[in-house]
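Counting in the working numbering, the sequence shown runs from 862 upward without gaps.
No residue lacks a Cβ here, since even glycine has one placed at the ideal position from N, Cα and C.
Read through the structure below, which is laid out as structure tokens, and then see the notes.
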Amino acid sequence: MTDTILRHDWSLDEIEALFDLPFNDLLFRAQGIHRANFDPNRVQMSSLLSIKTGACAEDCGYCSQSSKHASGLEAEKLMPLEEVVQAAEAAKEKGAGRFCMGAAWRNPTDRNLERVIEMVEAVHGLGMETCLTLGMLTEAQAERLRLAGLDYYNHNLDTSPAFYGNVITTRTFDDRLETLAHVRDAGINVCSGGILGMGESRRDRAGMLRELANLPRHPESVPINRLVRIEGTPLAEADVLDPLEFVRAIALARILMPFSYVRLSAGRAGMSDEMQALCFLAGANSIFYGERLLTTDNPEADRDLALLERLGMKTEQVVDTEVKAAKIPCSRAQAL
Ligand code: SAM
Ligand code: DTB
Ligand code: SF4
């Protein structure tokens, strides 16, 4: 059995050295760590819903929802509660355990936050785990969400500190760290990852993973997105990342954050079944499930279920969220 060492002091050179390992050696290491800490044949499934779409004040170079880009996306107001509940019910019916609601805001106003909290409470009422991604949060807002029973908050670092300015200029890397600290301090599970394939170097990929791994506690959930190239955005013509480099990054995430759920996130619609299978072998154990991400397509639910069946993999059972939170291994291990 592989001993799992939990570290928060990785250097860039150490991470790059792991990235440079022969592919089979890297995957063997990642799979060993994965097996020591998780059932390798289980996958956690989250469904996404855009509850407020487009007209965002930020300029994230990859995003269809920025008002600064001409992606042709039609902006929509905050969705009524009933529509959100219907979407959550449908996602639950299909087998999703967690429902993640995203809004194209730089940050929520306190008034909007109260409306979103009604959604969180209603989705909880269906017996699903809840996740939100609403942009930056103040300390008080994070506290309010915790009181409302929110399970996870997603806020991505997106890329390395060095590459960050090439992608986003309207908020800083440190702003993102600050929101993550508010979420962590409030006692909400942290979901944070980034995007690969935006023209960054391998060192940048290592740099992003280093930032995540060197947080005081590892995020419970680490979404690794492959850029979905969207017409009208500055990154529409970015070179497609070598699929094997993407798999390597998944393996690195698994090695650096051994107890975290590593989510094979956006970009799966453009991945072969074989590439996804390699990602699971490298330690990915979570996916976005359902035909829509926020504004772009995800694989059909049936295709995903068929792939899991072919791989002999099963959906992680949805258990009572309180019990589940108590079971998250990193809460135990990282407190040591
Ligand atoms: N507005 C909020 C924010 O930025 O925090 C929440 C929604 S935002 C769309 C959530 C995350 O989705 C981004 O941080 C980014 O990592 C990911 N994302 C957005 N557009 C993407 C794309 N075209 N390809 C891959 N990932 C993308
Ligand atoms: C994350 O890391 N990826 C999700 C979720 N967190 C919110 C969003 C992916 C968005 C992909 C592009 C789109 O559909 O607009
Ligand atoms: Fe706005 Fe989020 Fe898109 Fe950035 S990623 S433009 S903050 S919706």
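Starting from residue i, trace the alpha helix (DSSP H) in both directions and tell me its first and last residue.
i: PRO1104; result: 1104-1117
i: LYS955; result: 942-955
i: TYR1025; result: 1022-1025
i: GLY893; result: 884-898
i: PHE1120; result: Element bounds for PHE1120: n/a, residue is neither H nor E.
i: MET1069; result: 1063-1074
i: ARG976; result: 971-986
i: ALA1001; result: 1000-1008
i: MET1136; result: 1134-1142
i: ILE876; result: 873-880
Could you pull out every residue in the same chain whose Cβ sits closer than 6 Å to the Cβ of residue i, ignoring the five residues on either side in sequence?
i: VAL981; result: THR991, ALA1009 and LEU1011
i: SER1021; result: ASP1065, GLY1068 and MET1069
i: ILE1029; result: CYS921
i: PHE1034; result: PRO1022 and TYR1025
i: THR1157; result: VAL1089
On the DSSP bridge list, what partners appear for residue i?
i: TYR829; result: Lying outside 862 to 1197, the shown extent of the chain, residue 829 is not represented and no answer is given.
i: CYS1203; result: Absent from the structure is residue 1203, since the part of the chain shown begins at 862 and ends at 1197.
i: THR1176; result: VAL904
i: ASP1158; result: ARG1153
i: GLU937; result: THR914
i: LEU1125; result: ILE1085 and ILE1148
i: ASP1019; result: GLY1055
Classify residue i: buried if its beta carbon has 16 or more other beta carbons within 10 angstroms, exposed otherwise.
i: GLY1199; result: Nothing about residue 1199 can be reported from this structure: the residues present for the chain run from 862 to 1197 only.
i: ASN1050; result: buried
i: VAL1180; result: Its pLDDT being 48, under 50, VAL1180 is placed unreliably by the model, and nothing is read from it.
i: ASN1146; result: buried
i: ASP1046; result: exposed
i: HIS895; result: buried
i: THR1031; result: exposed
i: SER1121; result: buried
i: ILE866; result: exposed
i: ALA931; result: exposed
i: ALA878; result: exposed
i: ASN885; result: exposed
i: ARG967; result: exposed
i: ASN902; result: exposed
i: GLU919; result: buried
Counting only the same chain and skipping the five closest in sequence on each side, list residues whose C-beta sits under 7 Å from that of residue i.
i: ARG1037; result: HIS1016 and LEU1018
i: LEU987; result: ALA949, GLU950 and LYS953
i: ARG1071; result: TRP871, LEU873 and ILE876
i: HIS1043; result: LEU998, THR999, GLU1000 and ALA1003
i: GLY915; result: GLN926, LEU934, GLU935, ALA936, GLU937 and ALA965
i: PHE1107; result: LEU1057 and ARG1087
i: GLU1061; result: THR1020, SER1021 and PHE1024
i: GLY1128; result: ASN1086, ARG1087, LEU1088 and VAL1089
i: LEU1096; result: GLY922, TYR923, MET1059, LEU1088 and ARG1090
Please go through the same chain and pick out, in chain order, the residues whose beta-carbon is closer than 8 Å to the beta-carbon of residue i, but skip the five residues on each side of it.
i: LEU974; result: LEU995, GLN1002, ARG1005 and LEU1006
i: GLU1039; result: MET997
i: LEU1102; result: LEU1057, GLY1058, ARG1087 and LEU1088
i: LEU1166; result: GLY956
i: ALA1162; result: LYS955, GLY956, TYR1150, GLY1151 and GLU1152
i: PRO830; result: Residue 830 falls outside the range modelled here, since the chain spans only 862 to 1197, and no answer is possible.
Span of the beta strand (DSSP E) holding residue i?
i: VAL1101; result: Element bounds for VAL1101: n/a, residue is neither H nor E.
i: GLY963; result: 959-964
i: ILE1056; result: 1055-1057
i: GLN905; result: 903-913
i: ARG1087; result: 1082-1087
i: ILE1148; result: 1147-1149
Can you tell me the Cβ-Cβ gap for residue i and residue j, rounded? I've got them flagged as a contact below 8 Å.
i: ILE1056; j: LEU1088; result: 5 Å
i: ILE1085; j: LEU1125; result: 7 Å
i: THR1176; j: VAL945; result: Actually they are not in contact, since the Cβ atoms of THR1176 and VAL945 sit about 22 Å apart, beyond 8 Å.
i: ARG1115; j: ALA1143; result: 6 Å
i: LEU909; j: LEU1155; result: 6 Å
i: CYS961; j: SER907; result: 5 Å
i: CYS1052; j: GLU1098; result: With 8 Å as the limit, CYS1052 and GLU1098 do not qualify as a contact, their Cβ atoms being about 29 Å apart.
i: GLY963; j: MET989; result: With a Cβ gap of about 16 Å, GLY963 and MET989 do not count as contacting.
Using a Cβ-Cβ cut-off of 8 Å, state whether residue i counts as contacting chain B.
i: LEU987; result: Protein chain content of the structure displayed is limited to a single chain, and chain B is not contained in it.
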